Amino acid sequence: MTISRKVKKAWNLVTTVIVILVAAAAVLLVGLRLFGLQTYTVLSGSMEPAYPTGSLLYVRKTAPEEVTVGQPITFVLNEDLVVATHRVIAIDAENQYFYTKGDANEAADGAPVHFNNLIGVPVFHIPYLGYVANYVQKPPGLYVTIAAGAVLLLLLFLPDLLGLWKKDEKAPAASDPANGSSDTGPSETSPGQ
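Going by this note's numbering, the sequence shown opens with residue 6, and the numbers climb by one from there.
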């Protein structure tokens, strides 16, 4: 059984788009770490509208001396290793503290952030991708991701495995020695023969 050219072209287009989307997601979720960026999901609305809840935040490691007032920073909030991103409203360089406030919060944060707790500075964010990142990192999302990857690979290679993309078999040519006929017409040769 063979499949029409239109179906084959459509199938190839769909699988190509899927592969590109999966590759792009892999780069956005993991690959940018190769460039020194760490990813964090925005879990609250304290920095809206700058960083909407559910955004995936890309953070570049930064030395405390490079941070300026008015700049958002990502930092370890407490001994439970909770991570937050808020804007710097003041810097106490002598005692090595940042004073921060969420853009959507009315009051400044209750405790200053020690320079040692600084993770870095947000470089950019992608809205809603944080929800995806959180989902695929833990069961059941991890299992769904693995299963979806397996299904995509199967769909990508299934037509070849089943031989659905075989070329249409044509009738043997008139000059084919296998069918006992010969043709004395011109033959094709490559240059130099």
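Just so you know, even glycine gets a beta-carbon here, dropped at the ideal spot from N, CA and C.
In this text, all values refer to a predicted model and were calculated from it rather than measured experimentally.
query, result
"Since T73 contacts L62 with CB under 8 Å, what's their CB separation in whole angstroms?", "About 19 Å separates the two Cβ atoms, so there is no contact after all."
"Mind checking whether A95 and Y104 have CB atoms under 8 Å apart?", "yes"
"Cα separation between V19 and V137?", "22 Å"
"Quick check on the burial criterion: 16 or more other C-beta atoms within 10 angstroms. Buried or exposed for I25?", "exposed"
"Which one of I124, V64 and V128 has the shortest CA to CA distance from V81?", "I124"
"Are the Cβ atoms of V88 and I78 separated by less than 8 Å?", "no"
"Buried or exposed: where does G135 fall if 16 or more other Cβ atoms within 10 Å of its Cβ makes it buried?", "buried"
"What separation, rounded to the nearest whole angstrom, lies between the Cα atoms of V141 and Y148?", "8 Å"
"Compare the Cα-Cα distances from G75 to each of L33, T58 and V126 and report the closest residue.", "V126"
"With DSSP collapsed to three states, give me the class of A112.", "coil"
"Using only CA atoms, which one of W16, G107, P54 and E84 lies nearest to H91?", "G107"
"Three-state secondary structure (DSSP) at P127?", "strand"
"Ignore the nearest five residues each way along the sequence and tell me which others in D114's own chain have a CB closer than 7 Å to its CB.", "H91, T105 and K106"
"Please report the residue range of the beta strand (DSSP E) in which P144 lies.", "First-last for P144: undefined, no H or E at that position."
"Going by C-alpha distance, which of F129, V32, A28 and N122 is nearest D85?", "N122"
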